[in-house]
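Residues in the sequence shown are numbered consecutively from 304, following my numbering.
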Amino acid sequence: MAHHFITYPHFNPVIFEFGPIGLRWYGLMYLIGFLFARWLAVSRAKRSNGVWTVDQVDNLLFNGFLGVFLGGRIGYVLFYQFEYFIHNPLYLFKVWDGGMSFHGGLIGVILAMWWTARRQNHGFWQTADFVAPLIPFGLGAGRIGNFINDELWGRVTDVPWAVLFPSGGYLPRHPSQLYEAFLEGVVLFCILNWFIKKPRPTGSVAGLFLFFYGIFRFFVEFFREPDPQLGLFFGHHVSMGQILSTPMIILGAFIIWYSYSHVGRVGLDPVYTKNKENQGEK
Numbered sequence: 304m305a306h307h308f309i310t311y312p313h314f315n316p317v318i319f320e321f322g323p324i325g326l327r328w329y330g331l332m333y334l335i336g337f338l339f340a341r342w343l344a345v346s347r348a349k350r351s352n353g354v355w356t357v358d359q360v361d362n363l364l365f366n367g368f369l370g371v372f373l374g375g376r377i378g379y380v381l382f383y384q385f386e387y388f389i390h391n392p393l394y395l396f397k398v399w400d401g402g403m404s405f406h407g408g409l410i411g412v413i414l415a416m417w418w419t420a421r422r423q424n425h426g427f428w429q430t431a432d433f434v435a436p437l438i439p440f441g442l443g444a445g446r447i448g449n450f451i452n453d454e455l456w457g458r459v460t461d462v463p464w465a466v467l468f469p470s471g472g473y474l475p476r477h478p479s480q481l482y483e484a485f486l487e488g489v490v491l492f493c494i495l496n497w498f499i500k501k502p503r504p505t506g507s508v509a510g511l512f513l514f515f516y517g518i519f520r521f522f523v524e525f526f527r528e529p530d531p532q533l534g535l536f537f538g539h540h541v542s543m544g545q546i547l548s549t550p551m552i553i554l555g556a557f558i559i560w561y562s563y564s565h566v567g568r569v570g571l572d573p574v575y576t577k578n579k580e581n582q583g584e585k
């Protein structure tokens with residue numbers, strides 16, 4: 304029985320070029336994600352009754368962006384290209400060659416949040432809870448950028464919705480970028496922004512983000528093509544993405560448990576508490 308697969312639509316990764324300056328779809332996706340995050344953060348700050356200001360939000364997002372960029376690049380080099388980096392240390396700075404790691408970017412964001420929280424006199428977990436619901440939209444947009452860039456595609460399959468990616472040898476592959484865009488972007492965004500509609504123990508929002516992102520990423524890795532320089536580990540069953548996601552699941556579950564079991568000591572996030580009090584809810 305013949306299979307009819309989806310032919311990759313051949314996007315031009317460059318939207319326009321003007322001399323040495325150009326705009327790529329991948330960069331546009333991240334820009335859209337950042338602008339949406341700022342809009343959502345500013346909206347929440349204006350409803351926080353002084354707990355957050357717009358200037359604090361802008362400073363937090365700027366530092367977070369630096370954390371994503373630096374952490375993502377350093378993480379990719381250390382997690383996925385370590386042997387190459389040992390012999391070619393300057394590869395770390397060749398950002399035009401591509402290569403970013405979400406898990407490295409997450410570490411960078413955590414460090415940026417810790418630094419910013421100290422300077423703004425906010426608690427770390429209060430800051431993490433504020434940031435966590437802002438992230439999924441950008442993750443989803445970034446995965447769509449991966450699809451447009453014809454990169455990070457999935458494993459060979461015969462499912463009817465398999466895509467023939469040019470850089471994947473025109474073999475039918477899982478469009479794993481779109482799986483991630485849906486789970487890490489749409490579903491995770493809905494979960495977190497539904498969760499914060501009621502007052503929650505401080506730290507629980509960040510814990511929920513770590514827990515569900517780890518689960519979604521671990522699941523999609525079964526369909527995503529492993530990095531060729533690494534392959535699979537533990538008897539060719541586990542990918543590097545799954546190894547890095549496992550601590551996120553465990554840590555996220557622990558943070559949620561701790562925040563709820565110590566709610567009297569940890570307290571409720573003042574942003575959500577004040578919002579509900581203003582609406583007459585006790």
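Using N, Cα and C, we set each Cβ at its ideal position, and we do this for glycine too.
Being a predicted model, the structure only gives us computed values, none of them experimental.
Check: Does the beta-carbon of E487 have 16 or more other beta-carbons within 10 angstroms, so that it is buried, or is it exposed?; Outcome: buried
Check: Near I309, which residues of its chain fall below 6 Å by C-beta distance, leaving aside the five closest residues on each side in sequence?; Outcome: V466
Check: Comparing alpha-carbon positions, which option in I546, G510, F521 lies nearest K434?; Outcome: Note on identity: in this sequence residue 434 is Val, with Lys being the wrong assignment. The option with the nearest alpha carbon to V434 is G510.
Check: Assuming G378 contacts G407 under a Cβ cut-off of 8 Å, what Cβ separation, rounded to an integer in Å, is found between them?; Outcome: 1 Å
Check: For V360, which residues from the same chain have a beta carbon less than 8 Å from its beta carbon, with the 5 sequence-adjacent residues on both sides left out?; Outcome: R341, A344, V345, A348
Check: Note down, in chain order, each residue of its chain lying with its Cβ closer than 6 Å to the Cβ of G336, except the 5 sequence neighbours on either side.; Outcome: F440, G441, A444
Check: Taking contact to mean at least 3 C-beta pairs separated by less than 8 Å, is the region 499-510 in contact with the region 417-433?; Outcome: yes
Check: For S562, collect the residues of the same chain with a Cβ closer than 7 Å to its Cβ; drop the 5 residues on either side in sequence, then sort them by chain order.; Outcome: P504, T505, G506, S507, G510, V569
Check: Out of G517, H539, L381, which has the shortest C-alpha to C-alpha gap to F396?; Outcome: L381
Check: Could you check what DSSP says for E528 in three-state terms: helix, strand or coil?; Outcome: coil
Check: When the distance is taken between beta carbons, is G457 closer than 8 Å to F526?; Outcome: yes
Check: Which value, in whole angstroms, describes the spacing of the CA atoms of W417 and I410?; Outcome: 11 Å
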